[in-house]
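J.: Under this note's numbering, the letters of the sequence shown match residues 1267 to 1512, in that order.
Beta carbons: idealized from backbone N, C-alpha and C, even for Gly.
Just passing along the structure, written as structure tokens.
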Amino acid sequence: MNKTVLEVKDLHKIYDNRTHAVRGISFSIYEGEIFGLIGPNGAGKTTTLRMIAGLLKPTKGTILLEGMNILTHTEEIKGLIGYLPEEAEVYPRLTGMEHIYFYAKLYGHNDNIGEMIDYAVKISGLGEKLREKAGTYSKGMKRRLLLAIALMRKPRLAILDEPTSGLDVYASVRVRKLIKEYVRETGSAVIISSHNMLEVEYLCDRVAFMYNGKIITMGSPHELIKKYNVENLEEAFVKAIEEQTK
């Protein structure tokens, strides 16, 4: 088995209003793996991703990245995570290239800025469009730019929340291909949340279904389809959720 990149142990999040958003979940993600965290709205997916990204403090539990606790090794872990939230946006008055330069200088050191810029340009696939203001971009172009920025440091763990949200079929396929190529090229790990089951079935090596703050089942798309005796992952997801609501 490949090296463990992320280990989540008994993770809980209780908000000030006493909402128990995440209820003791545990899972691991390995080198070169794309892991899907799937569930209906309010299941606790985004809260989980934000805790892994270090944006929310867990109420209880442990998150280890490369064996380091994210709460006690904040500085060491910063450069190991790339995070693309669902609501991420571009600066409309900056060109795509200005975005890349800005984030490269923000993230990098003098000896690796050029390398980061070259990599972001390459994986964005936007070519001459990078010279144009990002405010003129289509949704798909904006998402590819933001994804390239999230991956430009070649993070050990990329956290992608609804990476193809609002995109048409063509743009979605381009983004999925970019994610697959990134993992194949770097051997990094990716955790992805998506409502698009076709996307999840195509992209993910393993999938965890979340409901009411808990992981109710986990396995490869093939294993889950077989477990619920259905034809695709979407039907497996529906059946898993229905079993929880009986």
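How is Tyr1349 classed by DSSP in three states: helix, strand or coil?
T.: strand
J.: With hydrogens ignored, establish whether the beta-carbon of Tyr1494 is closer than 7 Å to any heavy atom of the ligand ATP.
T.: Of ligands this structure carries none, so the ligand ATP is not represented either.
J.: Under a three-way DSSP split, which group does Ala1319 fall into?
T.: coil
J.: Between His1365, Leu1372, Tyr1436, Gly1393, which lies nearest to Ala1400 when the distance is taken from Cα to Cα?
T.: Put simply, of His1365, Leu1372, Tyr1436, Gly1393 the residue whose alpha carbon is nearest the alpha carbon of Ala1400 is His1365.
J.: Taking Val1441 as the reference, which of Lys1408, Ser1454, Ala1455 has the closest Cα?
T.: Lys1408
J.: As a quick exercise: from Lys1446, Ala1424, Lys1405, Arg1422, pick the residue whose alpha carbon is nearest that of Val1435.
T.: Lys1405
J.: Between the region 1267-1287 and the region 1312-1327, do at least 3 Cβ pairs fall closer than 8 Å?
T.: yes
J.: From which residue to which residue does the beta strand (DSSP E) around Tyr1477 run?
T.: 1472-1477
J.: What would DSSP say about Ile1482, mapped onto helix, strand or coil?
T.: strand
J.: Please confirm if the region 1418-1430 is in contact with the region 1366-1383, defined as three or more CB-CB distances below 8 Å between the two stretches.
T.: With the cut-off at 8 Å, the region 1418-1430 and the region 1366-1383 touch.
J.: Flag this pair as yes or no: are the beta carbons of Glu1497 and Ser1460 separated by less than 8 Å?
T.: no
J.: Just verifying my parser: in three-state terms, what is the DSSP assignment at Arg1289?
T.: strand
J.: Assuming Cys1304 and Val1439 are in contact, meaning their beta carbons sit under 8 Å apart, how far apart are those beta carbons, in whole angstroms?
T.: According to the sequence shown, residue 1304 is Ile rather than Cys. About 20 Å; that fails the 8 Å criterion.
J.: In three-state DSSP terms, what is Asp1384?
T.: helix
J.: When we look at the beta-carbon of Val1504 and count the other beta-carbons within 10 Å, is it buried (16 or more) or exposed?
T.: exposed
J.: From what residue to what residue does the alpha helix (DSSP H) around Lys1446 run?
T.: 1435-1452
J.: Helix, strand or coil, according to DSSP, for Ser1460 in the structure here?
T.: coil
J.: Taking a contact to mean a Cβ-Cβ separation below 8 Å, would you say Glu1299 touches Ala1455 in this structure?
T.: Yes. Within cutoff.
J.: In angstroms with no decimal places, state the Cα-to-Cα distance between Leu1392 and His1375.
T.: 25 Å
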